[in-house]
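Going by the numbering used here, the final residue of the sequence shown carries number 394, and the count climbs one at a time with no gaps.
Quick notes on the structure that follows.
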Amino acid sequence: KPLVFSGVQPTGNLHLGNYLGAIRKFVALQQDNDCIYCVVDLHAITAQLVHDDLKGQIRSIAAAFIASGIDPVKHIVFNQSAVPQHAELAWIFNCVARIGWMNRMTQFKDKAGKDRENASLGLLAYPSLMAADILVYRATHVPVGDDQKQHLELARDIAQRFNIDFGPKIRETGTGVDMIVGEEPIHGYFPLVEPLIGGPAPRVMSLKDGTKKMSKSDPSDLSRINLMDDADTILKKIRKAKTDPDALPSEVDGLEGRPEAGNLVGIYAALSDRTKADVLAEFGGQQFSVFKPALADLAVEVLAPITTEMRRLMDDTTHIDAILKDGGERARARAENTMNEVSDIIGFLR
Ligand code: AQP
């Protein structure tokens with residue numbers, strides 16, 4: 045079975061972008077794949093070191109996974125810091141990756157802002173840790189939102205560079221797999237990961253500005269729908285969402301140049317598992333005064349059961365803690381295996 049890996053940072057309230065871009069896909073992929081889903085707490089300290097309730101945040105992401113329908117028995121749910129091999133492999137990848145590659149990452153530029161000299165070294169090295177998260181399990185498929193595409197391309201560059209630099213040794217140890225890179229067949233240890241992005245809402249945009257992504261760190265709570273929002277709040281946020289004065293078009297081409305309209309239609313399509321064309325066939329010609337309440341009803345219908353289950357799981361965290369502990373142990377056993385082989389390939393004495 046293909047091995048799927050993905051992670052979510054415990055850095056605040058999960059929002060509809062995280063749900064549609066990532067968690068909903070995690071749930072769907074369980075059917076045909078072996079899945080590892082991680083609360084990436086080591087990533088959470090890259091932009092901001094001190095958090096008020098990091099333990100609570102970690103538990104709440106795990107609760108969102110379970111409440112959304114992830115099965116922690118058939119698959120693995122754990123938090124990253126419980127498996128030290130992530131950080132160990134990240135160090136090796138820090139020595140494989142080039143500073144120039146990191147400097148090109150748009151997320152680093154966005155998050156570091158103007159004061160780049162003052163950003164943490166961890167923020168710059170974030171994509172190297174992300175590559176290690178995936179490759180320590182030699183996972184091949186990664187469901188993410190569109191904003192993570194560049195980081196996954198970098199994970200492929202790191203894997204390829206490692207495979208080429210240690211090519212003869214990988215052959216000696218016999219642990220690798222044959223793959224085609226460009227024209228060249230190589231015998232590599234790390235797979236070249238495939239991002240799973242797609243769908244009608246690969247990048248959910250802010251409700252206040254259709255050109256900015258919906259984000260946990262946006263200071264305006266009205267810009268996003270949080271998984272923990274109640275029905276009234278969802279209704280209010282969608283009612284206040286920025287739109288233009290025109291009616292909805294009947295065809296997808298008509299959304300061109302209308303970012304806010306495109307975003308709301310994409311959200312509706314993703315929530316109802318339909319295409320944008322299908323949604324417009326129903327709502328084309330209608331005003332937002334009709335479409336917005338329909339969207340709010342749909343969002344509440346999908347999110348309310350998840351919110352209720354998350355609240356129940358967070359009332360007594362023993363169950364979540366047990367899931368994370370068990371997942372951490374199972375993940376560690378796999379990661380240890382990779383690190384032993386990697387150490388052997390590099391030539392460390394253990
Ligand atoms: N707006 C979005 N649309 C689609 N997918 C999104 N994701 C995040 N925002 C959107 C996807 O959610 C997964 C987990 O994200 P993360 O926890 O790593 O956080 P992030 O990508 O840095 O974005 P956030 O959640 O909005 O946080 P901040 O405010 O810190 O930037 C990933 O698969 C991501 O693609």
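Heads up, the beta-carbon is just placed ideally off N, CA and C, and yes, glycines get one too.
Quick caveat, the model's predicted, so the values are computed rather than measured.
Whether residue i touches residue j by CB criterion (8 Å)
i, j, result
"W145", "D97", "no"
"L60", "M258", "yes"
"F49", "G371", "no"
"Q204", "L240", "no"
"K280", "S267", "no"
"D288", "E300", "no"
"V71", "V52", "no"
"A107", "M354", "yes"
"S223", "G211", "Here the sequence assigns Met to residue 223, which means Ser is not the residue at that position. Cβ atoms of M223 and G211: not closer than 8 Å."
"P246", "G65", "yes"
Which listed residue (the options) has its alpha carbon closest to that of residue i
i, options, result
"E380", "L179, D359 and P171", "L179"
"A91", "K45, Y170, P116 and G306", "Y170"
"P116", "I390, L368 and N207", "L368"
"N270", "V71, D78, S104 and V94", "S104"
"Q151", "P263, N307 and L168", "L168"
"L73", "K155, M149 and K45", "K45"
"A131", "R394, G391 and R376", "R376"
"V248", "I224, Y312 and I278", "Y312"
Cα-Cα separation between residue i and residue j, rounded to whole angstroms
i, j, result
"A175", "F332", "42 Å"
"D360", "I110", "14 Å"
"F137", "S172", "6 Å"
"G382", "L47", "Correcting the residue identity first, residue 382 is Thr in this sequence and not Gly. Computed Cα separation, rounded: 14 Å."
"P244", "A275", "23 Å"
"I120", "G218", "28 Å"
Any non-hydrogen atom of the ligand AQP closer than 7 Å to residue i Cβ
i, result
"R247", "yes"
"T55", "yes"
"A66", "yes"
"V52", "yes"
"N62", "yes"
"G242", "no"
"D190", "yes"
"S259", "yes"
Bounding residues of the beta strand (DSSP E) (the contiguous stretch that carries residue i)
i, result
"Y81", "D78 to V83"
Residue span of the alpha helix (DSSP H) that contains residue i, given as start and end
i, result
"N307", "P303 to L315"
"V344", "F332 to D359"
"E197", "K193 to D209"
Contact with chain C by residue i, beta-carbon distance below 8 Å
i, result
"V121", "In summary, chain C is missing from the structure at hand, where a single protein chain is found."
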